[in-house]
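Numbering (the numbering used here), first residue to last: 11 to 646.
Okay, so here's the structure we're looking at.
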């Protein structure tokens with residue numbers, strides 16, 4: 011069917027419009043025609059529960075969002091071709107309707123939208139279809155901005171529940187620019203586009219130091235789905251609180267969870283089930299972490315006999331780092347020489363494993379302090395009788411913990427400390443989460459890893475300036491510190507953590523982390539994914555969204571789209587900033603209180619806020635006499 015010219019509309023030039031996708035797909039081809047959505051538009055697909063739930067969810071999102079890009083021309087108008095047909099149906103086809111949500115599941119999809127009003131989404135699995143639906147939703151825009159009027163107080167319309175049920179979705183004024191559109195997309199692999207794309211891309215949220223409501227976690231899962239992140243790493247417990255209720259050991263939460271204003275801050279079994287179900291509906295796995303043997307001071311409130319050095323100042327009696335009992339305030343470690351300790355952790359692991367259906371289980375293992383164990387007389391006696399060191403105790407503890415995780419039929423994940431810092435012979439089937447050292451240290455030892463280097467992706471650090479293309483933090487090789495600094499770092503064995511440009515510094519490094527830096531192609535296959543980590547010492551319900559987003563969005567694009575574009579150019583924050591700016595405002599529209607990146611003026615004038623001289627804007631097809639028939643693009 012041929013297109014017709016049905017009118018003149020004022021909107022952003024098409025070349026820029028279609029690039030506002032996050033994360034950017036692997037391959038896009040597009041044309042020059044706008045395709046209106048019919049008011050009868052609907053999405054049709056196989057009767058798979060997760061897909062049908064997603065169809066309802068995205069139908070509501072599309073009609074409610076009515077998105078107009080932030081970067082709109084203030085004075086220019088152009089004649090845009092509008093297809094004579096309208097889009098009435100998006101048809102979804104899934105070839106494998108039984109694929110389970112697990113590591114390595116195929117998330118690829120293909121999306122085709124034609125000028126004659128046909129749209130097809132093809133995916134091998136329902137989980138790929140969910141990713142394709144997200145991309146489809148981002149393509150849709152509105153011809154009118156509901157916020158055109160000046161900001162003023164308006165009377166709120168009141169609806170009864172009966173009237174609300176009668177409301178039907180309206181697609182009037184919605185359209186897809188630049189059809190025909192052909193998108194082929196999947197999570198990026200590091201080196202070879204033909205290999206099976208496997209990924210485990212996570213944000214981690216710590217609910218021990220500060221508690222987050224179930225609603226806040228569900229909102230985070232929504233934002234993850236918008237950004238195509240597929241694993242929620244839930245750091246549930248730590249020294250500060252034990253906020254999860256367990257059937258066979260209820261006292262851990264009854265005594266170890268926070269109590270505020272008469273209310274116990276705890277996740278009950280039904281809360282966990284709700285979170286896991288909500289995540290699954292969005293194609294997100296939930297991996298629980300019960301940190302041990304360190305970071306367990308909260309256990310002492312229920313079982314003081316199995317915890318050493320609980321309730322003490324973390325710097326010990328002297329108040330000096332040389333005598334520290336924990337890495338931060340909140341002391342307490344599980345006693346590695348008591349049988350009662352092991353019966354307790356076995357039961358905790360079994361209870362938690364029963365609550366979470368995912369096949370992975372994070373057992374912690376970070377930051378043990380031998381001095382804490384040495385405060386206990388039974389531990390000292392054991393060490394003397396067996397000529398044992400602190401590392402011997404850690405090896406004994408982790409060996410038993412890993413056995414319990416294996417018996418629960420779970421794949422174990424540990425923080426890297428026991429391998430890269432103290433060189434214990436941890437089994438090679440354990441996945442290591444690398445946060446302090448270069449990834450190659452663990453990979454070259456033969457381990458599979460999750461990369462979450464603290465210098466780049468620790469979200470409790472770094473909320474930097476707003477220069478759009480400041481690449482001064484794009485460094486993989488750490489600088490040499492001044493002598494007076496290096497002396498202190500060496501004294502306290504902290505030199506490997508030193509990177510002055512990033513720890514607590516500006517955030518220009520969000521897009522610069524190369525997970526496979528200095529790895530060969532074969533070694534890179536052992537990088538299973540990446541993770542941004544949000545520790546909650548200074549984060550609670552009021553700041554959760556702003557700390558997570560849009561910084562996690564930057565990581566999501568590296569993890570989904572790849573560190574390098576199709577032309578081999580490394581992605582960077584300068585090239586991505588116009589899209590990220592628009593995406594941040596879209597997250598706001600979707601109920602995610604994402605942190606501001608720049609003044610609004612910068613978003614409406616792309617690259618004018620860059621640290622370097624901005625290039626002159628290129629001529630777009632909106633400014634040429636003849637529209638382009640089709641454009642193939644590579645987005646950075």
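Cβ coordinates follow ideal geometry from the N, Cα and C atoms, glycine included.
Note that the structure is predicted; figures quoted are calculated from it, not measured.
Rounded distance between the beta-carbons of residue j and residue i, thought under 8 Å
| i | j | result |
| --- | --- | --- |
| residue 146 | residue 45 | Between residue 45 and residue 146 the Cβ distance is about 12 Å, and since that is not below 8 Å, they are no contact. |
| residue 540 | residue 211 | 6 Å |
| residue 388 | residue 427 | Between residue 427 and residue 388 the Cβ distance is about 24 Å, and since that is not below 8 Å, they are no contact. |
| residue 458 | residue 536 | 5 Å |
| residue 64 | residue 121 | 15 Å between Cβ atoms; not a contact. |
| residue 604 | residue 532 | Incorrect: roughly 38 Å between the Cβ atoms, too far for contact. |
| residue 259 | residue 343 | In fact, because the Cβ distance is near 18 Å, the residues do not count as touching under 8 Å. |
Boundaries of the alpha helix (DSSP H) in which residue i is found, first to last residue
| i | result |
| --- | --- |
| residue 381 | 380-383 |
| residue 571 | 561-571 |
| residue 588 | 583-599 |
| residue 71 | 59-75 |
| residue 321 | Careful: residue 321 lies outside any alpha helix (DSSP H) and carries neither H nor E. |
| residue 432 | No alpha helix (DSSP H) contains residue 432, which DSSP labels as neither H nor E. |
| residue 309 | Counting along the chain, residue 309 falls outside any alpha helix (DSSP H), and DSSP gives it neither H nor E. |
| residue 361 | 349-365 |
| residue 304 | No alpha helix (DSSP H) holds residue 304; DSSP gives it neither H nor E. |
| residue 558 | 554-558 |
| residue 613 | 610-614 |
Three-state class that DSSP yields for residue i in the structure shown
| i | result |
| --- | --- |
| residue 152 | strand |
| residue 236 | helix |
| residue 245 | strand |
| residue 219 | coil |
| residue 101 | strand |
| residue 371 | strand |
| residue 142 | helix |
| residue 443 | strand |
| residue 388 | helix |
| residue 205 | Bear in mind that the predicted position of residue 205 carries a pLDDT of just 34, short of 50, making it unreliable; the figure below should be weighed with that in mind. If DSSP states are grouped into helix, strand and coil, residue 205 belongs with coil. |
| residue 527 | coil |
| residue 30 | coil |
| residue 41 | strand |
| residue 292 | coil |
| residue 327 | coil |
| residue 602 | coil |
| residue 436 | coil |
| residue 91 | strand |
| residue 466 | helix |
Burial state of residue i (16 or more Cβ within 10 Å)
| i | result |
| --- | --- |
| residue 326 | buried |
| residue 332 | exposed |
| residue 280 | exposed |
| residue 445 | buried |
| residue 618 | exposed |
| residue 30 | buried |
| residue 409 | exposed |
| residue 81 | buried |
| residue 204 | Residue placement at residue 204 cannot be trusted, given a pLDDT of 34 that sits under 50; what the coordinates show is reported in the next sentence. Classification for residue 204: exposed. |
| residue 425 | buried |
| residue 558 | buried |
| residue 391 | exposed |
| residue 66 | exposed |
| residue 261 | exposed |
| residue 544 | buried |
| residue 588 | buried |
| residue 399 | exposed |
Identity of the residues DSSP links to residue i by a beta bridge
| i | result |
| --- | --- |
| residue 96 | 46 |
| residue 213 | 542 |
| residue 269 | 274 |
| residue 344 | 317 |
| residue 522 | According to DSSP, which records beta bridges pairwise, residue 522 is partnered with nothing at all. |
| residue 299 | 245, 372 |
| residue 537 | 459 |
| residue 53 | 100 |
First and last residue of the uninterrupted beta strand (DSSP E) at residue i
| i | result |
| --- | --- |
| residue 412 | First-last for residue 412: 400-417, but that is the alpha helix (DSSP H), not the beta strand (DSSP E). |
| residue 647 | Examination of residue 647 is not possible in this model, given that the chain is present from 11 through 646 alone. |
| residue 250 | Premise fails: residue 250 is in no beta strand (DSSP E) and is neither H nor E. |
| residue 425 | 421-425 |
| residue 185 | 184-195 |
| residue 131 | 129-133 |
| residue 452 | Premise fails: residue 452 lies in the alpha helix (DSSP H), 449-453, not in any beta strand (DSSP E). |
Heavy atom of the ligand NAD within 7 Å of residue i beta-carbon
| i | result |
| --- | --- |
| residue 621 | This structure does not include the ligand NAD; it has no bound ligands of any sort. |
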